[in-house]
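Encoded as structure tokens, the structure appears first; notes follow it.
Number of protein chains: 2
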Amino acid sequence: MSRKRSTIYDLATQAGTSASTVSAILNGTWRERRVSAETAERVLALAHKLKYTVNRQASGLRRKRSGLIGMMIPMHDNRFFSAMSQTFEKLARERHLYPLVVSTLRDPKLELETARTLISYQIESLLITGATDPDPVSRLCTHHGVAHVNVDLPGTLAPSVISNNLWGAQMLTQQLVQRSRPLAALPATHPRQRLYFLGGIASDYATAQRIRGFCDVLQAASPNAVLPEQINPCGYEAERAEAAVADLHDKLQGLPRALFVNSTIALEGVVRFLNRLPRSAMNGCVVGCYDWDPFASALSWPVLMVKQDTGKLMGKAFELLDTDQLDPTVQIQIAPSLVG
Amino acid sequence: MSRKRSTIYDLATQAGTSASTVSAILNGTWRERRVSAETAERVLALAHKLKYTVNRQASGLRRKRSGLIGMMIPMHDNRFFSAMSQTFEKLARERHLYPLVVSTLRDPKLELETARTLISYQIESLLITGATDPDPVSRLCTHHGVAHVNVDLPGTLAPSVISNNLWGAQMLTQQLVQRSRPLAALPATHPRQRLYFLGGIASDYATAQRIRGFCDVLQAASPNAVLPEQINPCGYEAERAEAAVADLHDKLQGLPRALFVNSTIALEGVVRFLNRLPRSAMNGCVVGCYDWDPFASALSWPVLMVKQDTGKLMGKAFELLDTDQLDPTVQIQIAPSLVG
DNA sequence: GTGAAAGCGCTAACAC
DNA sequence: GTGTTAGCGCTTTCAC
Chain R
488 MSRKRSTIYD LATQAGTSAS TVSAILNGTW RERRVSAETA ERVLALAHKL KYTVNRQASG
548 LRRKRSGLIG MMIPMHDNRF FSAMSQTFEK LARERHLYPL VVSTLRDPKL ELETARTLIS
608 YQIESLLITG ATDPDPVSRL CTHHGVAHVN VDLPGTLAPS VISNNLWGAQ MLTQQLVQRS
668 RPLAALPATH PRQRLYFLGG IASDYATAQR IRGFCDVLQA ASPNAVLPEQ INPCGYEAER
728 AEAAVADLHD KLQGLPRALF VNSTIALEGV VRFLNRLPRS AMNGCVVGCY DWDPFASALS
788 WPVLMVKQDT GKLMGKAFEL LDTDQLDPTV QIQIAPSLVG
Chain Z
488 MSRKRSTIYD LATQAGTSAS TVSAILNGTW RERRVSAETA ERVLALAHKL KYTVNRQASG
548 LRRKRSGLIG MMIPMHDNRF FSAMSQTFEK LARERHLYPL VVSTLRDPKL ELETARTLIS
608 YQIESLLITG ATDPDPVSRL CTHHGVAHVN VDLPGTLAPS VISNNLWGAQ MLTQQLVQRS
668 RPLAALPATH PRQRLYFLGG IASDYATAQR IRGFCDVLQA ASPNAVLPEQ INPCGYEAER
728 AEAAVADLHD KLQGLPRALF VNSTIALEGV VRFLNRLPRS AMNGCVVGCY DWDPFASALS
788 WPVLMVKQDT GKLMGKAFEL LDTDQLDPTV QIQIAPSLVG
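Protein chains in written order, with my numbering: chain R, 488 to 827; chain Z, 488 to 827.
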């Protein structure tokens with residue numbers, strides 16, 4: 488069926504011309520080579536007939552450009568990162584670069600190995616998105632002359648474009664304070680009058696920023712210090728969050744004034760618990776979630792959500808690559824928006 | 488910083504040996520070449536020191552193998568397809584193939600163009616997932632000798648691995664019938680005693696199969712024919728589904744015995760509408776959804792969901808590639824499972 | 001206006 | 001045991 492793939496030499500022979508002429512015609516540079524329109528047409532027709540396709544391994548090798556741009560993400564199966572992939576593809580194609588998206592499962596070893604493989608395929612630039620340990624990847628890229636930018640999580644050896652987690656958490660906390668009311672039946676100092684932060688891992692960069700934003704606003708709003716028990720970075724799993732909120736409910740003998748849930752996955756667990764309570768138990772408890780999920784906006788009670796701006800995050804990252812601004816001290820913060 | 492990338496010639500010169508020896512050492516084939524362990528070690532150490540990385544464009548060109556395997560999906564930003572991507576990556580890596588995932592936005596032109604580009608990068612095989620028009624892509628692959636399999640949506644020119652939509656719809660419908668009760672307050676012939684199908688596009692392969700499964704079960708269960716108004720493939724958008732269910736509720740003066748919602752996106756709209764009703768209105772209405780979303784399982788009322796088996800779909804597709812079973816008449820159906 | 005030829009970095013015969 | 005050499009398919013001088 489398909490013997491050998493045809494090459495420009497096959498085309499040249501069959502069209503009665505030379506490989507270099509065919510190459511110029513196929514690349515669109517034949518006008519400046521002043522190839523006769525007649526030859527050009529003949530070759531093009533033949534190429535079409537034989538369904539000729541360039542071998543980009545060969546042309547890339549010769550030109551020292553692959554036309555490839557890579558992006559590493561922690562995982563595909565996640566709303567935020569898959570939105571990033573979608574935007575990445577769009578922006579890459581606009582620049583006539585072919586997008587390679589690979590997941591690295593939050594594993595620093597895999598991050599490094601992935602970068603190495605991408606480099607071996609001669610990618611021209613790399614977006615390091617949500618990497619656990621971006622600096623070693625930076626070092627590798629720099630050594631091989633690959634332009635790169637950190638996205639979502641900052642690094643110290645390349646410019647970083649990140650979501651403004653501090654600001655987002657402050658906005659969300661402010662709204663939680665504003666939209667919730669002190670529980671009239673209880674004394675002002677009752678623990679249920681406080682706001683609680685749930686989910687994430689305290690040592691993670693994003694979680695740390697969000698906790699800071701949460702505390703900033705609470706401390707500014709009231710003279711009382713934020714108590715340690717108001718902050719529970721219990722991890723990202725839905726089960727952990729479900730247990731944490733059940734525990735909180737148990738200790739407080741009811742729901743608090745408001746809950747700051749630090750990821751949609753944690754929110755799943757929280758929602759599962761809340762749905763087991765009688766509906767009236769929700770009265771007065773306002774729920775906010777850092778990160779957005781379309782389903783969460785369809786729940787029977789409102790959830791305030793922080794939606795990260797994937798378009799701007801990616802857009803800015805490409806802008807840095809486009810203009811060759813690769814100053815490692817640059818850190819660009821993109822404001823998320825509040826939904827619901 | 489990074490002048491020229493070092494090549495095997497650089498390594499050879501600096502290690503005082505030849506390029507072919509270096510190549511053999513780097514490829515692990517040096518034992519059969521009986522290179523002295525001493526030389527091997529020296530070269531390896533040097534390669535490590537210089538952070539040498541192969542140029543896979545060059546080695547691929549020479550070997551006529553790229554080590555690349557491609558997959559086309561309609562979009563990244565979707566639970567089902569992003570789960571497919573994640574599994575695809577895993578299975579590709581297990582086979583020492585480098586995974587390329589690209590989205591084609593349900594655009595037949597883009598599907599073909601994407602396939603062409605992937606082929607120009609010399610991919611060794613291609614998984615055509617959820618393609619609107621898979622056969623032209625098949626033709627292209629066949630012409631260039633690229634092994635390929637259709638996944639999720641069948642084609643006629645390559646083997647297909649698809650979800651058993653008919654069976655899944657039958658199971659879901661059966662469960663909806665079993666778990667719902669006739670509304671005691673109404674006559675047996677009242678339209679609210681019927682089940683309704685909502686969402687999708689009637690001409691889509693998957694939707695057509697699901698409608699068939701829905702009707703099969705209903706017709707077997709009762710002597711009454713399924714009425715045209717029980718089937719409303721109103722599209723995939725949440726807004727359309729929301730309007731459709733509102734309209735249905737209006738016409739029936741209440742909710743029907745059960746609803747078959749044909750996608751999680753449509754379910755979002757349905758949920759939005761149902762949450763606007765007083766809670767008691769839900770009484771007796773059982774909701775099922777073809778496709779799965781973790782959030783939907785956290786709603787305040789149960790949703791029966793059909794979860795497609797991405798692991799088996801991908802696993803089977805790779806199995807066909809592995810064993811070179813590329814008979815275009817083969818069509819493998821993978822049973823989904825019922826959740827909730 | 002067009003062809004010949006060199007070479008991108010690598011691998012695999014084939015020498016010795 | 002190891003080096004020499006001939007390409008893989010393409011682009012790009014350079015020559016005429």
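All C-beta atoms, glycine included, are put in the ideal place defined by N, C-alpha and C.
- In this structure, DSSP gives M792(R) an extended state, which the three-state scheme calls strand.
- Taking 8 Å as the cut-off, the beta carbon of A656(R) is found no closer than this to the beta carbon of S625(R).
- The Cβ atoms of L807(Z) and V636(Z) lie closer than 8 Å to each other.
- As DSSP reads the structure, T616(Z) sits in a beta bridge with V638(Z).
- Between the alpha carbons of R580(R) and M562(Z) lies a distance of about 15 Å.
- Between I606(R) and chain Z, the shortest Cβ-Cβ separation is below 8 Å.
- Annotation: the continuous beta strand (DSSP E) that includes F684(Z) extends over 682 to 685.
- Assignment of beta-bridge partners to S667(R) by DSSP yields no partner.
- With a threshold of 16 other beta carbon atoms within 10 Å, P720(R) meets it and is buried.
- For S507(Z), the uninterrupted alpha helix (DSSP H) segment begins and ends at 506 to 514.
- Scanning K536(R), P710(R), L627(R) for the CA closest to the CA of R492(Z) turns up L627(R).
- Annotated three-state conformation of Y608(R) is coil, per DSSP.
- Rounded to whole angstroms, the gap between the alpha carbons of V664(Z) and F747(Z) is 11 Å.
- Look at the beta carbons and you see the stretch 688 to 706 of chain R not touching the stretch 767 to 774 of chain R: under three pairs across the two are nearer than 8 Å.
- Contact annotation for K794(R) against chain Z: no contact, minimum CB-CB distance about 14 Å [criterion: below 7 Å].
- Rounded to the nearest angstrom, the Cβ distance from F760(R) to E729(R) is 5 Å, consistent with a contact under 8 Å.
- Closest in C-alpha terms to S784(Z), from the list L714(Z), L825(Z), A499(Z), comes L825(Z).
- Counting of Cβ neighbours within 10 angstroms places D639(R) among the buried residues, the total reaching 16 or more.
- Look at the stretch 517 to 601 of chain Z and you find these whole runs of alpha helix (DSSP H), each 4 residues long or longer: 524 to 536, 543 to 550, 566 to 581.
- Distance from the CA of E519(Z) to the CA of I512(Z), rounded to the nearest whole angstrom, comes to 10 Å.
- For V588(R), the C-beta contacts it makes with chain Z under 7 Å involve V588, in order along the chain.
- At least one CB atom of chain Z sits nearer than 8 Å to the CB of K538(R).
- Spanning the alpha carbons of G617(Z) and T516(R) requires a straight line of approximately 37 Å.
- One alpha carbon belongs to D780(Z), the other to M571(R), and they sit about 20 Å apart.
- Residue environment for L584(Z): buried (at least 16 other C-beta atoms within 10 angstroms of its C-beta).
- Taken through DSSP and simplified to helix, strand or coil, Y777(R) comes out as strand.
- For Q818(R), the three-state secondary structure derived from DSSP is strand.
- Here the C-alpha atom of G632(Z) lies approximately 59 Å from the C-alpha atom of R766(Z).
- At the C-beta level, L555(R) and E611(R) come within 8 Å of one another.
- Between the alpha carbons of Q661(Z) and Q680(Z) lies a gap of roughly 15 Å.
- Leaving aside the five residues that flank L673(R) on each side, the residues in its chain whose CB is nearer than 8 Å to its CB run, in chain order, R679, Q680.
- Relative to D564(R), the option among R552(R), R582(R), V588(R), R550(R) whose CA is nearest is V588(R).
- Excluding five sequence positions before and after D778(R), the CB atoms of its chain that fall closer than 6 Å to its own CB belong to S750, T751, given in chain order.
- Using a Cβ-Cβ cut-off of 8 Å, R727(Z) does not count as an interface residue toward chain R, since no Cβ of chain R sits closer than that to its own.
- Of the candidates V541(Z), N652(Z), T494(Z), T504(Z), V541(Z) places its Cα closest to the Cα of N514(Z).
- Annotated three-state conformation of I718(Z) is strand, per DSSP.
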